[in-house]
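So the structure is just underneath, and the comments pick up after that.
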Amino acid sequence: MITVQFTYLTGLKRDIFSNPQLVGSWNNWVPTPMTPMTGDDGCPAFTTTVTVPDDRAGEMHRWGVRFAGPGGSNTWGINLEVNDANAQDRNRRVTFPAAGETAGERYYFTYARRLGAQKSYPPDGGPPRLRFSLWAPHASEVAVVFGRTDNGYITNSGDGTDPARQAVPMQPVGGGIWEGVPAGHFSDYVGVPYMFRIKNAQGTTVYRTDIHSRWQIGRGEHNPDGGTWDGHPDSLDGTVSCSVVIDQDVVRKEFEPTTEPPALITDDEFWAREFTPGKPVPSRPNDLVIYELHIGSLGYPDTGPGTLDDAMGLLDYLTSLGVNAVELLPVSEFSGTLAWGYGDTHHFVIESSAGGRDKYKHFVRECHRRGIAVIQDVVYNHYDGNAERAQWQYDSTTPEQNIYYWYEGQSSDYPFPAGGYLNNGSSGYTPRFWEEQVRQLFISSAAEFVEEFHIDGLRVDLTQAIHRDNSLNANGYGVSAANQFGAKFLREWSRTLKMLRPSVLLIAEDHTGWDAVTKLPHVGGLGFDTTWYAAFYHSLIGDANTEAARVLREAGFGHDGPLPLQSFASELLMTRTGKVAYHESHDEAGNAENSARTSLVAVNRAPLVGGTRACAEARCRVVAALSILSAGTPMFFMGEEIVAQKAAKYNTISTSKEDLHGERAGAGAKMFRYYQDLIRLRRSNPAAKSHHLDVIHAWNPSRVIAFTRREGSNDLLVIACFRNTPYWDGYVIDTSSDRLPSGWWQETFNSDAGFYGGSDVGNFGAVIPVSNGRIQLRLPANGLLVLQRR
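Note that full-length UniProt numbering numbers the sequence shown so that position 162 is 162, with each residue one more than the last.
Structure follows, in structure tokens:
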């Protein structure tokens, strides 16, 4: 008889899958129960054995696993698709061995505990050992070498290794993976720096970091290779320094340790008191008001990078503001310290200069205790441009063997070696998405954010660069296979995360308008819940060079001529499709060409003094309300609430920090109060966060736009006026239809109120009649009113 043992490994510490059953084509997909077990990684796994007659040797069959999980009782457990650009099937293949032989098939749901420096639990139940694993398919020799804790850097010639610790030879175990187990227990190595010493395809010895590392030594920006360095590990750039062995199953008990060594508790104990009764963390997109936050831009007036300590110090501020979600710019390991993070090298590492993984967990837990969801930006369309000891030429200098980068054909096909790399319309070369190992790197790191760090959502940077814009470096020609594999990756990524937690919010920065982005993977979609709505921003604000309406930019010129509100109305209506609508983001707060902070766009970049500042703030209040009261999920970039003026550029972070706390109590106090009340209106009124939105009036010459928001019998009327003088004698909106229901309407919110810094022009809470779709009311200059039907 032929025997095949099938093992399904989750790579997750949580035991979330049950009733596992193996199915395969060898017996017409009749289920075979699988036995739950604990894998050698200490995570839940399942196994079963199949026997078939000897005469079936050499047969090839498809197989998979079904189980009950968070997503349902009959979930198909194969989250990855077959490695074919034109196919979306999700099954594995097995070939029966020769007569009388035994074979094994293993499937990894995630690689979260497979590669890197991981615990390995012996069958006898003894203390865990340390197992090093890495993917280096072109290497001829691999060993682990250990660095010194007082140094943390190993040179390209091998200097800096710890003479007290012998190198650990690694052996190939199949699929290009190498493994090695040093003597002793796992606990003997916690905190020890290490690197991989690789003899690459050219026979040259190179030193590489662990791509699946959980901690990189160093929180500075120094690369000792060719540069000056003080020899202290803290000043190292983590992208080139040693990786560090850590125990992923414990957390520092205190955010800022008061003992040495720091007190540690188990992960389970740490998360046991994660939530506060009566303060639920929101999960539905339309319940959110998102504050986009760059941790590195905190810490005013210090010119160094802001940290998670600063972020913790901002939580009272955010709670008072009323936002219930923070979207963090990338926190995975990146070059330097004063950066936005949109170029990662180690996707499982929390940037050390920000405070590292334990402080990140404390931050997430404290957000949850306050009812604030955490959304994390992640970047998969390219790597750090200077990944010399990470992804770049990991085990070979031959371009077509550069295992983390997509290279089309052979280097001999091009007049210059870089010709075969792919550009993706963003920055950097395209990752090798046809390689399952590369897709698993990104998928498993996202799974770690959800499982280990408990984040509530992920926003993927520029997804169109992954599924649409890949082109050959040699001539700019499109490469359809790369786009197809990019789409495959995004389907696998979203599918995996929804299997782990169906409520996780998945946001795409996608400007293509492709409807498949938010369709489910089983119908060919990419599986995102929503997308950023850049067209809304460009139409409403319009500082960047686009063909959009650019309402605020046009208003900023100061004239009283027509404004393109009718064009903006079409974008406002599109927010009904559930997009993330924003009036400022990190991209447009000074980084994009010609862009600036909203307050400056509002007055054509004039200095904000006297009446000019008053005018700027009035217009800022209007555009903020048009965004926050839209039918989309509202978001805004840090500082809008205190009239931020400094351009937020990726390369001027040290000099562009805003004094959030100081301005809140000073010149920005009235705007902060305005945002408080506006956010409270959005969150508390069902009509304000519904998907209903009907633009009932938009007239360019009058510079007035009006729309209704409705949920059941709850009706709101929002009217925005960009005219530079009030409509003292009343402005008439006449729909001549039931689009504006008859009855009594009361003004409940006025952006021109004196306590917001306005002129107190309005209807003073008056109850105003509507008959036959007609209403007449006084409108403030550069103001916005909200009326509630009584």
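C-beta atoms are modelled at their ideal positions from N, C-alpha and C, and glycine is treated no differently.
From a predicted model like this one, the values you see are computed outputs, not experimental measurements.
### Message
Check this for me: beta carbons of L490 and I466, under 8 Å apart or not?
### Response
yes
### Query
Can you round the beta-carbon distance between G64 and I78 to whole angstroms, since I take them to be within the 8 Å contact cut?
With a Cβ gap of about 5 Å, G64 and I78 count as contacting.
### Message
For Y414, which residues in the same chain have their Cβ closer than 7 Å to its Cβ, ignoring the five residues on either side in sequence?
### Response
G420, A474
### Query
Where K670 and V761 are concerned, what is the direct C-alpha to C-alpha distance, given to the nearest angstrom?
17 Å
### Task
Just the C-alpha distance for W76 and H61, rounded to the nearest angstrom, thanks.
17 Å
### Query
Is it the case that the Cβ atoms of R673 and F755 are separated by a distance below 8 Å?
yes
### Query
So, helix, strand or coil for R129, using DSSP?
strand
### Sequence-distant residues of its chain with Cβ nearer than 7 Å to S411 (five each side left out)
T398, P399, E400, P417, G420
### Message
Relative to the C-alpha of H511, which candidate in D234, D461, A57 has its C-alpha closest?
### Response
D461
### Limits of the alpha helix (DSSP H) - the one that K359 falls within
356-369
### Message
Give me the DSSP bridge partner(s) of L134.
### Response
W178
### Query
Going by other Cβ atoms of all chains shown within 10 Å of its Cβ, with 16 needed for buried, is K657 buried or exposed?
buried
#### Entry: Other residues of its chain near F722: CB distance less than 8 Å, five sequence neighbours each side excluded
V551, A555, L563, L565, R619, V622, R703, V704, N782
### Query
So, helix, strand or coil for D659, using DSSP?
coil
### Message
So, with DSSP's three-state summary, where would you put P261?
### Response
coil
### Task
Report the option in S445, E269, S320, T430 whose CA atom is closest to the CA atom of V349.
S445
### Query
With 16 as the cutoff for other CB atoms within 10 Å, does A98 come out buried or exposed?
exposed
### Query
Can you tell which of R106, V206, T47, P282 has the C-alpha that lies nearest to the C-alpha of E388?
V206
### Message
Can you give me the C-alpha to C-alpha distance between L12 and L505, rounded to a whole angstrom?
### Response
20 Å
### Query
Along the chain, where does the beta strand (DSSP E) that runs through V94 open and close?
92-95
#### Entry: Boundaries (first-last residue) of the beta strand (DSSP E) holding D316
That residue, D316, is in no beta strand (DSSP E); its alpha helix (DSSP H) goes 315-321.
### Task
Reducing DSSP to helix, strand and coil, say where E547 ends up.
coil
### Opening and closing residue of the beta strand (DSSP E) in which K498 lies
From DSSP, K498 is part of no beta strand (DSSP E) but of the alpha helix (DSSP H) over 480-500.
### Message
Between the alpha carbons of L22 and M34, how many angstroms are there, rounded?
### Response
6 Å
### Query
Going by other Cβ atoms of all chains shown within 10 Å of its Cβ, with 16 needed for buried, is T303 buried or exposed?
exposed
### Message
Assuming the contact rule is C-beta atoms closer than 8 Å, V245 and H368 should be a hit. Round their C-beta distance to whole Å, please.
### Response
V245 to H368, Cβ: 29 Å. No contact.
#### Entry: Span of the beta strand (DSSP E), counted from its first residue to its last, around C615
Per DSSP, C615 belongs to no beta strand (DSSP E); it is in the alpha helix (DSSP H), 610-628.
### Task
Taking all protein chains shown into account, decide if R790 is buried (16 or more other Cβ within 10 angstroms of its Cβ) or exposed.
exposed
#### Entry: Distance between L717 and Y107 (C-alpha atoms, nearest Å)
Going by the C-alpha atoms only, they are around 55 Å apart.
### Query
Hey, would you say F255 sits closer than 8 Å to M170, going by beta carbons?
no
### Query
Between A688 and L629, is the Cβ-Cβ spacing less than 8 Å?
yes
### Query
On the three-pair Cβ rule with 8 Å, is the stretch 576-592 touching the stretch 530-540?
yes
### Query
Are the beta-carbon atoms of C242 and P163 separated by less than 8 Å?
no
### Cα-Cα separation, W215 to N83
About 31 Å.
### Query
Under a Cβ-count criterion, where at least 16 other Cβ atoms within 10 Å of its own Cβ denotes burial, should V326 be classed as buried or exposed?
buried
### Message
Let me make sure I understand the geometry here. Which of G58, W26, Y394, A85 has the alpha-carbon closest to that of A487?
### Response
Among G58, W26, Y394, A85, the Cα nearest to that of A487 is on A85.
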